[in-house]
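Asks: Structure incoming, see below.
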Amino acid sequence: MGYYDEIDQNNRVERKKNSLLKPVLSSLISGVLGGAVVYGALTYLPFQDHNKASNETEHIAVSQNTNDQEASVNVAKISNQGDIAEIAEKLSPAIVGISNLQQQRTDWFGSRQDSSSEEVESGSGTGIIFKKSGNDVFIVTNNHVIEGASSLEVTLSNGDKEKAEVVGADSLTDLAVIKINNNSVNTVAEFGDSDNIRVGDQVIAIGNPLGSDLSRTVTEGIISGVNRTVTITTSEGDWALDVIQTDAAINPGNSGGPLINMDGKVIGVSSMKISQEGVEGLGFAIPSNDVVKAINQLMEKGKIDRPFLGVALLNVSELPDYFLRDTLNLPSDVKEGAVVGRVQANSPADQAGLQEKDVIVALDGQSIHNTSELRKYLYSEKKSGDSVKVKLYRDGKEKTVTVTLSSQDLSQT
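Heads up: the sequence shown begins at 1059 in my numbering, then just goes up one per residue.
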């Protein structure tokens, strides 16, 4: 299974039976294996949302504990556990501001032209310095902070500004690693164990809400919930993101900043909040254990490896009843699943015999209600080379197909 483009849910199906498949599945789905995850959309709001940035691979490993840093670098340590002022003071040098700069062509009167070009700040966020090797300083942030940038600028705690390059980025995990070259950095943050956090644990967030004017703002709160899952829409499609819920104030510009426990360790990376009338105190961070896993792959390969299936999908629940009945011939009790709209040539799905209009309802005996669940199962439980039993309905008849998954780059999907 590869990466995905978003599903356009605003299109409508024309009532012509013989031509329904193309209008419905082609216009509603683009990319490979589309889904439904929104960094916001109407409810979940990302702090920034840009287009995808280019990746550059850096082969350096990351450990859960950063005590293996070079002697000249200090891992921020807290002597007085629970002292928020000390935690903020010790961690602040490891927190940076990130500016997403994009080219804008204008003439003397401000109208867009091709005759001149300048870079303007399209968005901003926060980053966490987690490793230094020689003069290379590595920073983790949210992918949506750096997407679409023609260049990135990092502002250090002392006010110095450095150009940054992308080491690796991944839209579905909403994580990215960037690096700068600077010999003055001498503090890195340490990751804690997010599996050991409890509801009610005290935490603080540090970030740059609304930009550099309020840099390194510290807010206090608690862990409001663990093992939360929010559905987000990314530039690569839909994804069910596992997050930590907190009531520590998180605002635009906090994206990529740390959620810190009372030991001064980073147990999450701030990513999103719920922003709607009558709602407050609902912020979310990516758990540190998930962050470390992603960082290791981004540092090594510049991307996250995922098993590839090779189909474009749409949720059964998004299609009108007459289409399900007249075109797909689904049994009346089948109300959920994932409809195959396109099969990529020579893909694992193609080789296993999957076809357009197949309706996938289970993988390895586990019910699949939508494309997000299908993706989540494959990404969490499978790897390239594994086989998966796909239960589906084809022209109303149930059958099971075994697919051997492969690995595929985004550029090949």
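Quick reminder that beta carbons are idealized off the backbone N, C-alpha and C, glycines included.
In whole angstroms, give me the CA-to-CA distance for L1371 and T1429.
Replies: For this step, residue 1371 is matched to residue 313 along the sequence shown. For this step, residue 1429 is matched to residue 371 along the sequence shown. Each residue's Cα considered, the two are about 7 Å apart.
Asks: Where does E1177 fall in DSSP's three states?
Replies: Position 119 of the sequence shown holds residue 1177. Reduced to three states, the DSSP call for E1177 is strand.
Asks: What's the C-alpha gap between T1289 and G1283?
Replies: Along the sequence shown, one-based indexing puts residue 1289 at 231. Along the sequence shown, one-based indexing puts residue 1283 at 225. One C-alpha to the other measures close to 16 Å.
Asks: Quick one: grab the DSSP three-state call for T1385.
Replies: By 1-based counting over the sequence shown, the position of residue 1385 is 327. DSSP places T1385 in coil when its eight states are reduced to three.
Asks: Would you kindly work out how many angstroms separate the C-alpha atoms of F1196 and K1189, rounded to a whole number?
Replies: As a first step, residue 1196 must be located in the sequence shown, where it is residue number 138. As a first step, residue 1189 must be located in the sequence shown, where it is residue number 131. For F1196 and K1189, the distance between alpha carbons rounds to 5 Å.
Asks: Going by the DSSP bridge assignment, what does N1239 pair with across the sheet?
Replies: Stepping through the sequence shown from its first residue, residue 1239 is reached at position 181. DSSP lists D1194 as partners of N1239.
Asks: Can you give me the start and stop residues for the alpha helix (DSSP H) that Q1355 sits inside?
Replies: Counting from one through the sequence shown, the residue named residue 1355 turns up at place 297. First-last of the alpha helix (DSSP H) with Q1355: 1346-1359.
Asks: Using three-state DSSP, classify R1433 as helix, strand or coil.
Replies: As a working mapping, residue 1433 is identified with position 375 in the sequence shown. Helix.
Asks: Grab me the residues of I1145's own chain with a C-beta within less than 8 Å of its C-beta, minus the 5 sequence neighbours each way, in chain order.
Replies: Translated into the one-based positions of the sequence shown, residue 1145 becomes position 87. Counting only Cβ-Cβ distances below 8 Å, and skipping sequence neighbours, we find I1136, I1262, I1318, M1320, G1322.
Asks: Compare the Cα-Cα distances from G1360 to each of A1352, G1454, A1410 and report the closest residue.
Replies: As a position in the sequence shown, residue 1360 is number 302, starting the count at 1. It is A1352 whose Cα lies nearest to the Cα of G1360.
Asks: Report the partner residues of R1400 according to the DSSP bridge assignment.
Replies: The residue given as residue 1400 occupies position 342 in the sequence shown. Looking at the DSSP assignment, R1400 forms a beta bridge with A1370.
Asks: If you reduce the DSSP assignment to three classes, tell me which class V1158 lands in.
Replies: Within the sequence shown, numbered from 1, the residue matching residue 1158 stands at position 100. Going by the sequence as given, residue 1158 is Asn instead of Val. Strand, per DSSP.
Asks: What's the C-alpha gap between S1329 and L1432?
Replies: Your numbering for residue 1329 matches position 271 in the sequence shown. Your numbering for residue 1432 matches position 374 in the sequence shown. Whole-angstrom Cα-Cα distance: 23 Å.
Asks: Does the beta-carbon of L1233 have 16 or more other beta-carbons within 10 angstroms, so that it is buried, or is it exposed?
Replies: Mapped onto the sequence shown, residue 1233 falls at position 175. With 16 or more other Cβ atoms within 10 Å, it is buried.
Asks: Cβ atoms of D1453 and L1382: under 9 Å apart, would you say?
Replies: Looking up residue 1382 in the sequence shown gives position 324. Looking up residue 1453 in the sequence shown gives position 395. The answer is no: Cβ separation not under 9 Å.
Asks: At what residues does the alpha helix (DSSP H) containing D1408 begin and finish?
Replies: Along the sequence shown, read from residue 1 onward, the residue named residue 1408 stands at position 350. Unbroken alpha helix (DSSP H) run through D1408: 1406-1410.
Asks: Just to confirm my understanding: we take N1239, look at its own chain, exclude 5 residues before and 5 after, and list those with CB closer than 8 Å. What are they?
Replies: Locating residue 1239 in the sequence shown gives position 181, counting from the first residue. Excluding positions up to five away in sequence, the list reads N1193, D1194, V1195, E1220.
Asks: Work out the CA separation of S1405 and Q1413 for me, nearest whole Å.
Replies: By one-based count along the sequence shown, residue 1413 stands at place 355. By one-based count along the sequence shown, residue 1405 stands at place 347. When rounded, the distance between both Cα atoms is 12 Å.
Asks: Measure the alpha-carbon distance for D1305 versus V1246 and round it to whole angstroms.
Replies: Residue numbering aside, residue 1305 sits at position 247 when the sequence shown is read from its first letter. Residue numbering aside, residue 1246 sits at position 188 when the sequence shown is read from its first letter. The alpha-carbon atoms of D1305 and V1246 are separated by roughly 25 Å.
Asks: Roughly how many angstroms lie between the CA atoms of G1181 and G1311, to the nearest whole one?
Replies: Working through the sequence shown from its first residue, we reach residue 1181 at position 123. Working through the sequence shown from its first residue, we reach residue 1311 at position 253. Going by the C-alpha atoms only, they are around 8 Å apart.
Asks: Mind checking who I1187 pairs with in its DSSP beta bridge?
Replies: To locate residue 1187, count along the sequence shown from 1; it is residue 129. DSSP output for I1187 lists I1197 as bridge partner(s).
Asks: Helix, strand or coil: which one does DSSP assign to N1109?
Replies: In the sequence shown, counting from the first residue as 1, residue 1109 sits at position 51. Unreliable positioning characterises N1109 in this predicted model, as indicated by a pLDDT of 33, which lies under 50. The coordinate reading is nonetheless provided below. If DSSP states are grouped into helix, strand and coil, N1109 belongs with coil.
Asks: Short check: CB of G1279 to CB of N1309, under 9 Å?
Replies: Taking the first residue of the sequence shown as 1, we reach residue 1279 at position 221. Taking the first residue of the sequence shown as 1, we reach residue 1309 at position 251. Contact flag unset, no.
Asks: Are there 16 or more other CB atoms within 10 angstroms of the CB of T1460, so buried, or fewer, so exposed?
Replies: Indexing the sequence shown from 1 puts residue 1460 at position 402. It is exposed - the Cβ of T1460 has fewer than 16 other Cβ atoms within 10 Å.
Asks: Let's test the definition: count the other Cβ atoms within 10 Å of the Cβ of E1439 and tell me whether it reaches 16, buried, or not, exposed.
Replies: Translated into the one-based positions of the sequence shown, residue 1439 becomes position 381. Answer is exposed; the Cβ neighbour count stays below 16.
Asks: Three-state secondary structure (DSSP) at A1247?
Replies: By 1-based counting over the sequence shown, the position of residue 1247 is 189. If DSSP states are grouped into helix, strand and coil, A1247 belongs with coil.
Asks: Return helix, strand or coil for P1378, following the three-state DSSP convention.
Replies: Here the question's residue 1378 lines up with position 320 in the sequence shown. Here P1378 sits in coil by DSSP.
Asks: Can you round the beta-carbon distance between P1151 and S1229 to whole angstroms, since I take them to be within the 8 Å contact cut?
Replies: As a first step, residue 1151 must be located in the sequence shown, where it is residue number 93. As a first step, residue 1229 must be located in the sequence shown, where it is residue number 171. With 8 Å as the limit, P1151 and S1229 do not qualify as a contact, their Cβ atoms being about 29 Å apart.
Asks: If contacts are defined as beta-carbon pairs under 8 Å, then V1301 and A1343 qualify, I think. What distance do you get, rounded to the angstrom?
Replies: Here residue 1301 is taken as the residue at index 243 of the sequence shown, counted from 1. Here residue 1343 is taken as the residue at index 285 of the sequence shown, counted from 1. Yes, they are in contact, since the Cβ atoms of V1301 and A1343 sit about 6 Å apart, within 8 Å.
Asks: Is it right to say N1138 is buried, meaning 16 or more other beta carbons lie within 10 angstroms of its own, or is it exposed?
Replies: As a position in the sequence shown, residue 1138 is number 80, starting the count at 1. It counts as exposed.
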